[in-house]
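Number of protein chains: 2
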Amino acid sequence: MSKNSQITILKVAETAGVSKQTVSRVINNHPDVADITRKHVQKVIDELGYHPSAVARSLTKQRTHTIAVVTAGLNLVGPSNVLNGITLKAEELGYALLIKNLAGFRIDDYQGLVRFLNEMRVEGVAWACPDIQHYRQESIEKLSTLPTPVVFQGSSPIENALFVTVDNYAGGCRATQHLIDQGFRNIAHISGPLAFADAEERKSGWADTLLKAGLPPSSLNSAEGDWSAASGATAVVELMNTYPEMDAIFVANDQMAIGAMQIIKERGLQIPGDIAMIGYDNIAESAFSSPPLTTIAQDFELMGAKTIELLVDVINAQRDGNDLSALQPIRLPADLIVRKSSLRRVEVA
Amino acid sequence: MSKNSQITILKVAETAGVSKQTVSRVINNHPDVADITRKHVQKVIDELGYHPSAVARSLTKQRTHTIAVVTAGLNLVGPSNVLNGITLKAEELGYALLIKNLAGFRIDDYQGLVRFLNEMRVEGVAWACPDIQHYRQESIEKLSTLPTPVVFQGSSPIENALFVTVDNYAGGCRATQHLIDQGFRNIAHISGPLAFADAEERKSGWADTLLKAGLPPSSLNSAEGDWSAASGATAVVELMNTYPEMDAIFVANDQMAIGAMQIIKERGLQIPGDIAMIGYDNIAESAFSSPPLTTIAQDFELMGAKTIELLVDVINAQRDGNDLSALQPIRLPADLIVRKSSLRRVEVA
DNA sequence: CTGAAAGCGCTAACAC
DNA sequence: GTGTTAGCGCTTTCAG
Chain A
1 MSKNSQITIL
11 KVAETAGVSK
21 QTVSRVINNH
31 PDVADITRKH
41 VQKVIDELGY
51 HPSAVARSLT
61 KQRTHTIAVV
71 TAGLNLVGPS
81 NVLNGITLKA
91 EELGYALLIK
101 NLAGFRIDDY
111 QGLVRFLNEM
121 RVEGVAWACP
131 DIQHYRQESI
141 EKLSTLPTPV
151 VFQGSSPIEN
161 ALFVTVDNYA
171 GGCRATQHLI
181 DQGFRNIAHI
191 SGPLAFADAE
201 ERKSGWADTL
211 LKAGLPPSSL
221 NSAEGDWSAA
231 SGATAVVELM
241 NTYPEMDAIF
251 VANDQMAIGA
261 MQIIKERGLQ
271 IPGDIAMIGY
281 DNIAESAFSS
291 PPLTTIAQDF
301 ELMGAKTIEL
311 LVDVINAQRD
321 GNDLSALQPI
331 RLPADLIVRK
341 SSLRRVEVA
Chain B
1 MSKNSQITIL
11 KVAETAGVSK
21 QTVSRVINNH
31 PDVADITRKH
41 VQKVIDELGY
51 HPSAVARSLT
61 KQRTHTIAVV
71 TAGLNLVGPS
81 NVLNGITLKA
91 EELGYALLIK
101 NLAGFRIDDY
111 QGLVRFLNEM
121 RVEGVAWACP
131 DIQHYRQESI
141 EKLSTLPTPV
151 VFQGSSPIEN
161 ALFVTVDNYA
171 GGCRATQHLI
181 DQGFRNIAHI
191 SGPLAFADAE
201 ERKSGWADTL
211 LKAGLPPSSL
221 NSAEGDWSAA
231 SGATAVVELM
241 NTYPEMDAIF
251 VANDQMAIGA
261 MQIIKERGLQ
271 IPGDIAMIGY
281 DNIAESAFSS
291 PPLTTIAQDF
301 ELMGAKTIEL
311 LVDVINAQRD
321 GNDLSALQPI
331 RLPADLIVRK
341 SSLRRVEVA
């Protein structure tokens, strides 16, 4: 076990017989140090196991090189993969990362959160929570008092805020149009919890696309799940009752789709023969469901990386007094991945 | 946009017409302040939007109230759920959490990591990476130079180190024994990457249980995957060739099991009729595969929470000079969850 | 109850 | 090249 108090720069200076300043120059690779001095000091540093204090350094330099990420729902595929991208990019760009995970997607204590971010003197905030309706706008307002930039992540662009977004609405349209193109006409939808903006927008894409094709949606051909496979199973049972003519389902995520497919098969129905399916997210398992699941893919990790890139750009621009307006919001694509679950029904001769 | 430099305690003191100490007493809820003074100062604080600097405070108090978590593979179910538990418990106990995510499970730069942890003056480290063979021991050694406690997570107990563990070996035994109990005799295994201690130990449990039952394992009845559904599919194809008499498979995680089941069904075989299956992890989807997958459950979130609890206990004990030996390593159970995929074959009359 | 002085570990800005 | 002097923003001690 190592000893109690840390070794300070003064201790190093004394045992090396130089001033603190010289030690400082050595640890910062300052050029104006004689080679012999540098080597000697370095030796003392190594022997003593000295590590400069980032705390003290932050205080003098007025810079923490730390950013905070606010997440929620790390058990979900999206948030955890986004976080993966965030951590790796932050590391790459030389920022320490403070993580704040919201239990249950709710912020019961905005004031506490804002206080924390302020007191820690983070240089920026990556807001990587799923957008919950009613909360998003509030978040933006509450966080606007921060002296530090915040990059939001989410479905739709946000007025006067920096953001990285994937177009969930477009994804919903694309998924639905794909089913229409494949010849299906009675297309149901299993949404995520509609409090989630992601879920709401995917559903809007579905509804609008149906309308445009002259296939009006109704309350009878959609059901709401909670992203879990179990809820997908429950929802599909509901739809089979309310909308028996259903020949295809656009499900708002792959996990619910997998849950729904299980029920459909248990009832002896064929996929896509009787009911076609398309999911969302392209989780690894969806390529191995039976049948393999058509889906919409988003690159969560890239989303995380882009969030940090933008944030760091803003931090730098702000410090250098550059123009922020040059920084464009970032939009990532939602790609259609066609597998067997949505293939066109065989035409009857 | 807020202004540049933060408001300091001095600024507050001046505009309130008191000394810094008085302000300090107010923000720390020190009792020895006149009520009128306190209210006045608090008002100034609110008006100015003052937030005390955790950096400065850390410097004087020699305490950061920060712990670091080292993770890897956040895209995997286990690590992301463990992290979820870690973040929530750290929050609950009043610690800020610095996250360091290793790309590709490897530590290319131990020195850099140790330097980071030292310089940030974290008060403890939660080592929440999957244990990779050969690396674990190295990690323990390298991190032993830290002046701060480290709690490791992993399969097997670690000599002279604090740890939280689930018994993967016992889980492997349990899964295999279940298949034997159900009447299967030709039990294959699809392992995770054997570089992972988790994978290795589950496999050992399988092998030892077979041996004990007089059903010796061989190189022909096991195959190695990489935890992904795709690799499970590949592995099962291999097994069907090398071990055609196979009537059951213990798969080291649910995702590979799902990939394998897909192939088995494609070949027109029944589960569990022709081949029974048991997975590991109890991911949400496994209850909704066809058929529902028998599996071994571990509570990842609890594991994360326990890791932080133990770590904080150690931090406190160490600071208070208490005896550390009273702190027990923590072991979490691996529970068998029986579903249809492993049900006893119907006896032929 | 309140304030003045000293110091946490480091770096910036000047001397020499 | 190297050392000295002042802080960075806060808390701790000790006076009053």
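Protein chains in written order, with the numbering used here: chain A, 1 to 349; chain B, 1 to 349. Note that the Cβ used here is the ideal one computed from N, Cα and C, for glycine as well. Keep in mind it's a predicted model, so treat the numbers as computed, not measured.
Taking residue i and residue j to be in contact with their CB atoms under 8 Å, please state how far apart those CB atoms are, rounded to whole angstroms.
| i | j | result |
| --- | --- | --- |
| Asn81 (chain B) | Asn81 (chain A) | Actually they do not touch by this definition, with Cβ atoms about 13 Å apart. |
| Asn253 (chain B) | Gly279 (chain B) | 6 Å |
| Ile330 (chain A) | Ala297 (chain A) | Contact flag wrong, Cβ pair sits at about 17 Å. |
| Gly183 (chain B) | Arg344 (chain B) | 5 Å |
| Met350 (chain A) | Ala229 (chain A) | Lying outside 1 to 349, the shown extent of chain A, residue 350 (chain A) is not represented and no answer is given. |
| Leu162 (chain B) | Val314 (chain B) | 6 Å |
| Val164 (chain B) | Leu310 (chain B) | 6 Å |
| Ile308 (chain B) | Ala72 (chain B) | Between Ala72 (chain B) and Ile308 (chain B) the Cβ distance is about 18 Å, and since that is not below 8 Å, they are no contact. |
| Ala233 (chain B) | Phe288 (chain A) | 6 Å |
| Val18 (chain B) | Thr37 (chain B) | 7 Å |
| Asn84 (chain A) | Gly304 (chain A) | 6 Å |
Between residue i and residue j, what straight-line distance do the alpha-carbon atoms span, to the nearest angstrom?
| i | j | result |
| --- | --- | --- |
| Asp299 (chain A) | Glu123 (chain B) | 35 Å |
| Pro333 (chain A) | Tyr95 (chain A) | 27 Å |
| Asp274 (chain B) | Arg185 (chain B) | 12 Å |
| His40 (chain A) | Ala68 (chain B) | 32 Å |
| Asp131 (chain B) | Trp227 (chain B) | 14 Å |
| Lys203 (chain A) | Asn322 (chain B) | 58 Å |
| Asp108 (chain A) | Val166 (chain A) | 27 Å |
| Asn4 (chain B) | Arg319 (chain A) | Only weak support exists for where Asn4 (chain B) lies, its pLDDT of 47 falling under 50; the coordinates are left without a value. |
| Gln137 (chain B) | Gly154 (chain B) | 12 Å |
| Asp335 (chain A) | Gly171 (chain A) | 7 Å |
| Ala16 (chain A) | Glu47 (chain A) | 11 Å |
| Val125 (chain A) | Ile140 (chain A) | 12 Å |
| Ser342 (chain A) | Asp281 (chain A) | 15 Å |
| Leu211 (chain A) | His178 (chain A) | 15 Å |
| Ala207 (chain A) | Leu302 (chain A) | 29 Å |
| Gly192 (chain B) | Val150 (chain B) | 27 Å |
| Pro147 (chain A) | Arg63 (chain A) | 13 Å |
| Ile7 (chain A) | Lys142 (chain A) | 41 Å |
| Ile180 (chain A) | His65 (chain A) | 51 Å |
| Ala213 (chain A) | Arg174 (chain A) | 13 Å |
| Val348 (chain A) | Glu224 (chain B) | Low local confidence applies: a pLDDT of 46 at Val348 (chain A) is under 50, so the model's placement there is unreliable, with the coordinate-based value given in what follows. Going from the Cα of Val348 (chain A) to the Cα of Glu224 (chain B) covers about 45 Å. |
| Gln262 (chain A) | Glu238 (chain A) | 14 Å |
| Val114 (chain B) | Arg121 (chain B) | 11 Å |
| Gly112 (chain B) | Pro52 (chain B) | 30 Å |
| Ser58 (chain A) | Leu59 (chain B) | 10 Å |
| Phe116 (chain A) | Lys265 (chain A) | 50 Å |
| Thr176 (chain B) | Glu285 (chain A) | 24 Å |
What does DSSP give as the partner residue(s) for residue i in the beta ladder?
| i | result |
| --- | --- |
| Arg331 (chain B) | B:Thr165 |
| Asn101 (chain B) | B:Thr71 |
| Ala188 (chain A) | A:Ile249 |
| Ile132 (chain B) | B:Phe196 |
| Ile337 (chain A) | A:Thr295 |
| Ala96 (chain B) | B:Thr66 |
Starting from residue i and walking both ways along the beta strand (DSSP E), at which residues does that stretch end?
| i | result |
| --- | --- |
| Phe152 (chain A) | Val150 to Gly154 |
| Ile250 (chain B) | The sequence given here has Phe at residue 250 (chain B), not Ile. Taken as a continuous stretch (DSSP letters only), the beta strand (DSSP E) holding Phe250 (chain B) covers Ala248 to Val251. |
| His30 (chain B) | Counting along the chain, His30 (chain B) falls outside any beta strand (DSSP E), and DSSP gives it neither H nor E. |
| Glu224 (chain A) | Ser222 to Glu224 |
| Val125 (chain B) | Gly124 to Ala128 |
Just curious, the alpha helix (DSSP H) that residue i is in, first and last residue?
| i | result |
| --- | --- |
| Trp206 (chain A) | Ala197 to Lys212 |
| Glu138 (chain A) | Tyr135 to Leu143 |
| Gly78 (chain B) | Val77 to Glu92 |
| Ala326 (chain B) | Note, Ala326 (chain B): premise wrong, no alpha helix (DSSP H); not H, not E. |
| Gly112 (chain B) | Tyr110 to Glu119 |
| Val55 (chain A) | Ala54 to Lys61 |
| Thr15 (chain A) | Ile9 to Ala16 |
Continuous beta strand (DSSP E) assignments of at least 3 residues falling wholly in the segment 235 to 311 of chain B
Counting only runs of 3 or more residues that sit fully inside the segment 235 to 311 of chain B, the beta strand (DSSP E) segments are 248 to 251, 276 to 278 and 295 to 297, in chain order.
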